[in-house]
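Worksheet: one structure, shown below.
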Amino acid sequence: MAAIVLENLSKTYRVKVRGEGLKNAIKSLVRPDYREVEAVRNISFSVNEGEMLAFIGPNGAGKSTTIKMLTGILHPTGGSMNVLGYNPVKDRRRLSYNIGAVFGQKSQLSFHLPPVDSFRLLSSVYEIEKSAYESRLKRLADLLELNEFLDTPVRKLSLGQRVRCEFAASLLHAPKILFLDEPTIGLDVVVKHRIRDLIIKLNKEENTTVFLTSHDAGDVENLCRRAIVIDHGTVALDMPVKKLKYDYLNKKVVSLKLNESAGIPEPPGVELIKKTPYAVKFSVDTRIAPISKILAMLDAGNIADITIEEPPMEDIIEAIYMGKREGG
Amino acid sequence: MGKYLSIAGISIKNSLVYRASVTGRVVFYFVFIFVFFSLWSMIYSGNEIAGYSLVQMIWYVCMTELVVFCSGSEIFGRMNHEVKSGEIAYRLLRPWNYIFMQFADMLGSMAFSASVFTVMAVLLGFVFAGPIQGFNPASVPLIVISFVLSITMNFFICMSLGLLAFYFEENSPFYFIYQKLLFVFGMLLPIEFLPIWTQGILRYLPFSLITWGPARMVVNFSYEYAFEIIPMQAAWCVFSVLLAMFVFSRGVRKVNVHGG
C-alpha cells in the first residue's frame, strides 16, 4: 500500500526583487517587482508503506520544500498529495499524530531544560498514555544510549548527544512515517552508525516508512533500497540504490601515508590522483577492481596510515548529470 | 486541554532559568514608579485632578505599569522571529492549535514574573501612596477578572501584529504605534484627563481598556463601572483571538521556510 503519493506537486515562491541604488529602492516601495521561484515543479511519485526512500539532490533542488509540503508545513501551489490517506494541507493536525520528523539543522528540544522534560511535554502533546510513554522512552533511551544524559540540560549536550535526543523526541509517538532532513549532518561515524541501526530496527520491527534526504552517501547506501534524485525541482532519476551505487557510487578514494617512499601497483580501475614521496592518493573504480583486491596488492608493512573515502554526494549527482548528458 | 496545561507547565520551568531578567525588570519597574511618583507629587497642589487624588493617581500608575510589565508583549518579538527564521516549521508539525499553544506558553512563562510584579505593585503603592480610601476587598475578584482580560487581549493583539511578519518584511512599526497608543491612552494618564468627547471614544477602544480599564477599577471601584468595562473587555478579547486566528490561518499559507 502506498504511504505517500504525490501528483504533479509544485511550489512556487514569490520573491521581492530589489534593484541597486536609491532610485530602485524607491521604486520598489511604490511598485515592488516580484520574481517567481519554482522550488518544486510537477513532481509525481509514490512511496510504499515500510519503504525507505532516499530523496537526494544538490542544495536548493527542492528536497526540503518537498518534505515540508508532505508534513503540512508548506502549502503547495499546485498538484495534489496524499500522506497516509490525509491531505497534509487540510488535515495537518490529524496527520501530525502519525508522522515524525527530524530536521538536522533545527532543534525541537527546550534549550535550557533536560531532554526528559521535552519528552514528557511531547508525550502529553501527542496524547500518549503514561505507561506507553514510559516503555517507549525506555526502549528509545536504551537503543540510542541516552540514559546518561536524560537529565542534563540540552545546552550542555554535545551535538551527537543532542541529535540522538532529537530522534527520540521524533519517535516517541511511534510515527508511521519518519521524515529525515539531513539528520546526520555534522555527526561523527559512531553516532551516525548508531542512528542508522536505530532506523533499520524501527523499519524492521514497526514497518516505519522512512523518507530521507541526506548528503551522506553512507546514509543512502546503508538505509535505502530506492533513491529519487531531484534537481531544479524535478525528478531526475528514480532507481534502486543498488543500481545507483553500481552506476555512480562505484568510486572510492584511497589515501595512503607511507613509511618509505614507494610506488603503488596500478591495475585497471585504479587511477592515481596525487603522489608525493610519502603519500599517495588514488581512486578505485570498484566495478573493475574490488577494493579488497587492491588492498591486498599493497605492501601492508609500508603503510603508516590509510583512509578510504566515498565521493561526496555532490560528485555523485554531478556524475549522474554527466552520465545523462553523455547517454542522451 | 491537558496538552496545553503541560505546555504552560514546562514554560514555568523554563522561565525560572531567566530569573536574572526578571530581577532587571523589577528594578526598572521601581524606577518607573519612582519617576511617576515624583512627577505627580510636583503636579498635584490641590486635592484632585479630573476626579483623581494623588493617592489614587500613584496607585493608578502602579496598576497600569503592572499590566504592561507582565502582559506578555514579548509575543510580538517571538512571532516575528519564529516566522522570519522559519522556526515555526517544527511547531506546525505538532498536533496542537498553534495560537493556543503560544498562549499557554505565555501564561506559563509569565506566571512567575506576574506574581513578582503584583507583589511589587502593591508594595510600592503602599510605600509611595499609602492605602486607597474606601477600597472594598469584595471588588478584588472583579478586578482580577479585568486584569486577566486585559492581559489576554493585549497578548492576542501583539500576537496578531507579530504574525503580520507573514505579510510584511518589516512589521515592527505596527507594534511601535500600538505601544505608543497604549502609552498615551491610558497608561500615562487616566482618560478622564482628556477632553470629554475623546473619552467617549476611548472607553470603547482596546488601548484604554487594557490599561485604564482595570487600573481605574482598583483606584475607584463601582459595580456600575465594572459591569460596563468587563463585558467590553470580554468582547475585545474574543475579537482579538479571532483576529489572531484569522491572521495566522491566512498567513500560514504563505509561510516560507528557507534553507535547503
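Protein chains in written order, with my numbering: chain A, 1 to 328; chain B, 1001 to 1260. The beta carbon of each residue, even a glycine, is placed where N, CA and C say it ideally should be. Since the model is a prediction, treat every value here as computed from it, not as a measurement.
Span separating the alpha-carbon of residue i from that of residue j
i       : j       : result
E7/A    : D238/A  : 15 Å
G1259/B : A1089/B : Any answer about G1259/B is weak, because its pLDDT of 43 lies below 50 and its placement is not dependable; what the coordinates show is given next. Answer to the nearest angstrom: the Cα atoms are 12 Å apart.
P1214/B : G1077/B : 25 Å
D117/A  : I1010/B : 7 Å
G328/A  : N87/A   : Any reading at G328/A is ruled out, since the residue's pLDDT is 38, under 50, leaving its predicted position unreliable.
N42/A   : I73/A   : 19 Å
K138/A  : F1147/B : 44 Å
I1007/B : R14/A   : 35 Å
E205/A  : K176/A  : 12 Å
D247/A  : M52/A   : 20 Å
I228/A  : G57/A   : 8 Å
G85/A   : R92/A   : 12 Å
D219/A  : F45/A   : 21 Å
A101/A  : S1139/B : 51 Å
D231/A  : V47/A   : 19 Å
A1114/B : I1075/B : 15 Å
L140/A  : K11/A   : 36 Å
N222/A  : P311/A  : 15 Å
L258/A  : V1252/B : 59 Å
D315/A  : K1003/B : 46 Å
T307/A  : L295/A  : 12 Å
Proximity below 8 Å, CB of residue i to CB of residue j
i       : j       : result
V1264/B : H112/A  : With chain B represented from 1001 up to 1260, any question about residue 1264/B goes unanswered, as that position is not in the structure.
I264/A  : L298/A  : yes
E182/A  : H215/A  : yes
L1163/B : F1174/B : no
A1050/B : F1221/B : no
L95/A   : I4/A    : no
A1129/B : V1055/B : yes
I1157/B : Y1178/B : yes
C1070/B : L1124/B : no
L180/A  : R136/A  : no
L178/A  : T208/A  : yes
V1067/B : S1150/B : yes
Y278/A  : S255/A  : no
L143/A  : K201/A  : yes
I1132/B : F1248/B : no
L334/A  : P114/A  : Outside the shown range of chain A (1 to 328) lies residue 334/A, about which nothing can therefore be said.
R31/A   : N24/A   : no
is_contact[residue i, chain A] using C-beta, thresh 8 Å
i       : result
G1259/B : Note that G1259/B scores 43 on pLDDT, short of 50, meaning its location in the model is unreliable; the coordinates nonetheless yield the value given after this. With 8 Å as the cut-off, G1259/B counts as an interface residue toward chain A.
Y1090/B : yes
P1173/B : no
N1080/B : no
G1002/B : yes
K1084/B : no
I1007/B : yes
E1170/B : no
E1074/B : no
L1107/B : no
K1013/B : yes
M1065/B : With the sequence shown as reference, residue 1065/B is identified as Glu, and Met is not the correct amino acid for it. Not one chain A Cβ lies under 8 Å of E1065/B.
Residue-level contact to chain B via CB, residue i, 8 Å cutoff
i      : result
T66/A  : no
L256/A : no
V125/A : yes
F149/A : no
F103/A : yes
H193/A : no
G327/A : Confidence is the limiting factor: at G327/A the pLDDT is only 44, short of 50, which leaves the residue's position unreliable and the question unanswerable from this model.
G72/A  : yes
Q108/A : yes
L178/A : no
L121/A : yes
R92/A  : yes
D33/A  : no
L22/A  : no
D117/A : yes
Y246/A : no
Y86/A  : no
| request: Count the C-beta pairs between the segment 1178-1193 of chain B and the segment 1207-1224 of chain B that are closer than 8 Å, then say yes if the count reaches three, no if not. | output: As far as the Cβ criterion goes, the segment 1178-1193 of chain B touches the segment 1207-1224 of chain B, which means the pair count is three or higher.
| request: Would you check if the segment 182-192 of chain A and the segment 155-172 of chain A touch, i.e. whether three or more CB-CB distances between them fall below 8 Å? | output: yes
| field | In chain order, each alpha helix (DSSP H) run of at least 4 residues that lies wholly inside the segment 118-148 of chain A | value | If only complete runs of 4 or more residues are kept, the segment 118-148 of chain A shows the alpha helix (DSSP H) at 130-144, in order along the chain.
| said: Using 8 Å as the cut-off, can you tell me whether the segment 27-43 of chain A makes contact with the segment 190-197 of chain A, which would need three or more C-beta pairs spanning the two stretches below that distance? | reply: no
| For the segment 156-200 of chain A, which segments carrying the beta strand (DSSP E) assignment without a break, of at least 3 residues, lie completely within its bounds, in sequence order? | Here the runs fully enclosed are 177-181.
| query | Do the segment 1109-1125 of chain B and the segment 1026-1034 of chain B meet, that is, are 3 or more Cβ pairs less than 8 Å apart? | reply | Enough Cβ pairs lie closer than 8 Å, so yes.
| Length-filtered (4 minimum) alpha helix (DSSP H) runs lying within the segment 31-106 of chain A | 63-70 and 92-96
| Minimum length 4: unbroken alpha helix (DSSP H) runs contained in the segment 1088-1170 of chain B | 1088-1092, 1098-1128 and 1140-1163
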